[in-house]
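Sequential numbering of the sequence shown, starting at 12, is according to this note's numbering.
What follows is one structure encoded as structure tokens, with my remarks underneath.
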Amino acid sequence: MEEHKSTPAHIEMREKQYDELLRELHKGEKASAFDNALKQFDRAAKILKLTDNQVAVIKEPRRVTEVKLPVRMDDGSISIFKGYRVQHNIVRGPAKGGVRFHQDVNVEEVKALAFWMTYKCAVVNIPFGGGKGGVVVDPRKLSLSELERLARRYFAEMIDLFGPDKDIPAPDVNTNQQVMAWFMDTYSMHHQSHIPAVVTGKPIDLGGSRGRISATAQGMVYCVHNAVKHLKLNLKGATVAIQGFGNAGSFAAKFLHQDGCVIQAVSDIDGAFYCEKGIDPEEAIKHVQRAGTLKDFDKSAKVEKMSNPMELLELPVNILIPAALENQITEENADRVKAKIIAECANGPLTTEADDVMEQKGTFIIPDILCNAGGVTVSYFEWVQNRMGYYWNSDYVFSELKSYMDDAFEVVLDASINYKVPMRTAAFIVAIQRVTNVAEARGLYA
Ligand code: NAD
12 MEEHKSTPAH
22 IEMREKQYDE
32 LLRELHKGEK
42 ASAFDNALKQ
52 FDRAAKILKL
62 TDNQVAVIKE
72 PRRVTEVKLP
82 VRMDDGSISI
92 FKGYRVQHNI
102 VRGPAKGGVR
112 FHQDVNVEEV
122 KALAFWMTYK
132 CAVVNIPFGG
142 GKGGVVVDPR
152 KLSLSELERL
162 ARRYFAEMID
172 LFGPDKDIPA
182 PDVNTNQQVM
192 AWFMDTYSMH
202 HQSHIPAVVT
212 GKPIDLGGSR
222 GRISATAQGM
232 VYCVHNAVKH
242 LKLNLKGATV
252 AIQGFGNAGS
262 FAAKFLHQDG
272 CVIQAVSDID
282 GAFYCEKGID
292 PEEAIKHVQR
302 AGTLKDFDKS
312 AKVEKMSNPM
322 ELLELPVNIL
332 IPAALENQIT
342 EENADRVKAK
352 IIAECANGPL
362 TTEADDVMEQ
372 KGTFIIPDIL
382 CNAGGVTVSY
392 FEWVQNRMGY
402 YWNSDYVFSE
412 LKSYMDDAFE
422 VVLDASINYK
432 VPMRTAAFIV
442 AIQRVTNVAE
452 ARGLYA
């Protein structure tokens, strides 16, 4: 009979066989974003040798809330929408994270996004935990007044969860400064007080921070500068493709173009557009301002419409920027991705299987929890300014942002070199260690 060996090498071999078996069993099934997030956690937790108690306290969300939102439509009828708020972890500070309005929102996605917020705030070392919210709705199908009633109902329905010291929402996909203004007003009305620090990403006149609107892309650009320096590459003339041309993607195009990069392709929900010599981001931004999306951009500019928008991810560019949704690069298409650097403006654009393929190819990935942390960092500055009642100028905001992003990049790169792991696992190692230390100090493992 075969002896049942339990040396670390044998355990690792059995785990690998088990992983392969699971992969075979679930072939063809799409893993949820939350499954993906947990796998990323496990990789780092294993290296840190966390105890079961430690994992139990910081891995799963602390609170998941689901609400039904009745909203009167313009024609007098009532529609019921489903809304979520997940508070993943609050040991380092109040929950922080955006609210997404999208027809595909589901609880697993919101859990994943809240999870990433916990570790994102820890990577950049700001005193927040992680949260995220979502409403299942295609906002393009609502009038402005229907959207306002939905936003106010969402906030009012969960008002006890929110607060400057409890949980502070912000914009995410399909929510913007106007939605944040409605959230802030709803909360302030209910509390009969002026409370701007309950949400970030507000209009500047309402206590928003200078620089917030472009902060995610600006933070990504600081990371790209660091990556290019580390890899000894040249940013000037580097070719770039960007998936998603909303807040994060459009500013990413603008800033990298200003740095001398050639933006060869951009895409959004209505198509992907290519020009070998380079797309002028200002032209694309103006088109979106006029038309609402990139639809028909090839009719107003010298660009080609790509027949398959997903092929944007496979272009032979130096830098690829996913800035749309999760799970865009998977084991299906990862081996066709050619970029040298992937800068993740979006949350969770690569699955762990895709990560493995990219690692073998030597692609340098700037992981989401580091790369797009500029948004939450300036949200933190906004919260600080609201509480001080003293407002900073743009130069100060961006110099502080640069300092937070550069520090975070350096710490993650050091961990990547020291532990001999890719940047994503390194970022989780740094973040999990910080969350664990605070949980330990607070006695949560007692
Ligand atoms: P947004 O709503 O402003 O833009 C999203 C863009 O993605 C739109 O152009 C939309 O058309 C496009 N898109 C949607 N589905 C697509 C598809 N299948 N293919 C191509 N494009 C598609 O949202 P945003 O704020 O720019 O956020 C984009 C990503 O960045 C999200 O993953 C979000 O979580 C992440 N992020 C945003 C911020 C921020 O401050 N805005 C901060 C951190 C992370």
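Using N, Cα and C, we set each Cβ at its ideal position, and we do this for glycine too.
Nothing here was measured: the structure is a model prediction, and the numbers come from that model.
Item	Value
Backbone secondary structure at T76 - three-state DSSP	strand
Ranges of the alpha helix (DSSP H) found wholly within the region 348-406, counting only runs of at least 4	363-372, 379-382, 385-399
Top-ranked residue by Cα proximity to V75, from S43, A437, Q300, G141	G141
Beta-carbon gap between G260 and V209 smaller than 8 Å	no
For E315, the residue or residues it bridges with in DSSP	Y285
Chain-order list of residues whose beta-carbon lies under 7 Å from that of Y391 (same chain, five-residue window excluded)	I137, F139
Collapsed DSSP secondary structure at V190 in the structure displayed	helix
Distance cut-off 7 Å: F194 Cβ against heavy atoms of the ligand NAD	no
Nearest residue (CA-CA) to V441, options E71, R453, A450, V422	V422
Helix, strand or coil at Q275 [DSSP, three-state]	strand
Residue nearest to M321 in terms of C-alpha spacing, selected from V277, A295, I353, A302	V277
Bridge-paired residues (DSSP) for Q98	R74, G142
Cβ contact (3+ pairs, closer than 8 Å) linking the region 180-199 and the region 148-163	yes
N-terminal and C-terminal residue of the beta strand (DSSP E) that R103 is part of	Per DSSP, R103 belongs to no beta strand (DSSP E) and is neither H nor E.
V462 CB to nearest heavy atom of the ligand NAD below 7 Å	The question about residue 462 has no answer, for the chain in this structure spans 12 to 457.
CB contact check: L324 to chain B, cutoff 8 Å	In the structure shown, chain B does not exist; there is a single protein chain.
Beta-carbon proximity of C286 to Q275, cut-off 8 Å	yes
Cα-Cα separation between K93 and E168, rounded to whole angstroms	11 Å
Inter-residue spacing [alpha-carbon to alpha-carbon] between P468 and G218	Outside the shown range of the chain (12 to 457) lies residue 468, about which nothing can therefore be said.
Alpha-carbon to alpha-carbon, K143 and A48	14 Å
I290 and K265 closer than 8 Å at C-beta	no
Any non-hydrogen atom of the ligand NAD within 7 Å of A335 CB	yes
Buried or exposed (CB count within 10 angstroms, at least 16 for buried), E40	The pLDDT assigned to E40 is 48, lower than 50, so where the model puts this residue is not dependable, and the model offers no usable value.
Cβ pair count under 8 Å reaching 3, the region 87-102 against the region 390-404	no
Among V134, A125, E120, nearest to R73 - alpha-carbon criterion	A125
Rounded distance between the beta-carbons of E355 and C382, thought under 8 Å	5 Å
Bridge partner(s) assigned by DSSP for H113	V147
S318: CB within 7 Å of a non-hydrogen atom of the ligand NAD	no
CB of V68 within 8 Å of CB of I380, strictly	no
Own chain residues within Cβ distance below 8 Å of E13, not counting five before or after	Confidence at E13 is low in this model, with a pLDDT of 40, below 50, so its placement is unreliable and no value can be given for it.
Residue environment, D279, which counts as buried when at least 16 other CB atoms sit within 10 Å	buried
Heavy atom of the ligand NAD within 7 Å of Q269 beta-carbon	no
Distance CB(D85)-CB(S156) smaller than 8 Å	yes
Any non-hydrogen atom of the ligand NAD within 7 Å of I352 CB	no
CB of L336 within 8 Å of CB of I353, strictly	no
C-alpha distance - T129 paired with G109, whole-angstrom precision	12 Å
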